[in-house]
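Residue numbers (this note's numbering): 48 to 424.
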């Protein structure tokens, strides 16, 4: 498989670099991590700049390779991360683009691209754990609406979201993977209650969401009724296949910064640390090549990442944790000071083997869908 870039792709990279160099110095200061209304406004403002410059639709309408170049260059330049726009741009938006009707694409995609609406993800539930298909939130059909009752947890950005990509059970008697439906729920609907959750790192980008007979129009269903698990796999393929691509670039940058810090504080003299950093450098280089391979495979198959995204997600989750363990080794006792660089990132890295599907789930996907092994009973 050819992993090199075409002249047209390199021209896109050069134009993007030039634009970033002109725009980034003029950005306003970033708001406090705890100021979620401020962070929402900041992130939407950045998205609007991308829209006005013609880069907003790179996640959907551009080829997967251009998408990868965009993520690589924006991360290298230190551009704002998608932040509150994460679910809309990288999960719900691509899913609606791939599976939605023409009316649904016209309704939901432009506001995401223009930086006007924020989405959250209502997948996980308190009683389901890693078994996402064991969800119990019910949706009963009542005329032209579904009446939804249940609760969700770890709902990303729910406190500032306008819409929620919501998984519900519409046929309790069907096998658990066949009775699920994917809905777009307005977060201001009567019966929606949001309670933010504070993480180990002190942030509150997740929330519990309680749903008490919330009416969601049938027109907001993406895909057929009871076909939501297939649609969900499309969402998860984007989440695991390309959504972390920019973070690989960020990890490679952090690795270089750790080497500089180790030389300053004398820990570079430790040969075990040098070996560790060298192995991590090779690991992230390999992960970047794997990302390129996954993107090329997606491009050849219509733009939706495949099961190869689980290989990436599995290894990247552990490599990121190892990177910040190495950061603690470089910092020494200062790693306990949350005001020091990398200390908070070390805490957040603990979640990566759980978020977007646990490592155990990724092992099962790789075994069944790539290696062809039989499913467990």
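Virtual Cβ for every residue (Gly too), placed ideally from N, Cα, C.
Residue i - DSSP class collapsed to helix/strand/coil
i: residue 157; result: helix
i: residue 427; result: Residue 427 is absent from the structure shown; the chain starts at 48 and stops at 424.
i: residue 335; result: helix
i: residue 228; result: strand
i: residue 111; result: helix
i: residue 373; result: helix
i: residue 213; result: strand
i: residue 384; result: coil
i: residue 317; result: coil
i: residue 328; result: helix
i: residue 150; result: helix
i: residue 218; result: coil
i: residue 274; result: strand
Residue i versus residue j - alpha carbon distance
i: residue 408; j: residue 177; result: 7 Å
i: residue 48; j: residue 340; result: The predicted model places residue 48 with a pLDDT of 46, which falls under 50 and marks its position as unreliable, so this point remains unresolved.
i: residue 374; j: residue 383; result: 11 Å
i: residue 102; j: residue 160; result: 9 Å
i: residue 210; j: residue 244; result: 19 Å
i: residue 328; j: residue 366; result: 10 Å
i: residue 120; j: residue 240; result: 39 Å
i: residue 203; j: residue 145; result: 22 Å
i: residue 302; j: residue 371; result: 9 Å
i: residue 65; j: residue 296; result: 19 Å
i: residue 318; j: residue 294; result: 27 Å
i: residue 257; j: residue 169; result: 10 Å
i: residue 395; j: residue 251; result: 12 Å
i: residue 167; j: residue 134; result: 6 Å
i: residue 385; j: residue 324; result: 22 Å
Per DSSP, cross-strand counterpart(s) of residue i
i: residue 308; result: Partner(s): none; residue 308 has no beta bridge.
i: residue 240; result: 257
i: residue 262; result: 194
i: residue 269; result: 229
Boundaries of the alpha helix (DSSP H) in which residue i is found, first to last residue
i: residue 145; result: 140 to 146
i: residue 396; result: 390 to 396
i: residue 193; result: Segment 192 to 199 is the beta strand (DSSP E) holding residue 193; no alpha helix (DSSP H) there.
i: residue 175; result: Premise fails: residue 175 is in no alpha helix (DSSP H) and is neither H nor E.
i: residue 95; result: 83 to 100
Bounding residues of the beta strand (DSSP E) (the contiguous stretch that carries residue i)
i: residue 186; result: 185 to 189
Short CB-CB distance (under 9 Å) between residue i and chain D
i: residue 173; result: The displayed structure is made up of one protein chain only, and chain D is not part of it.
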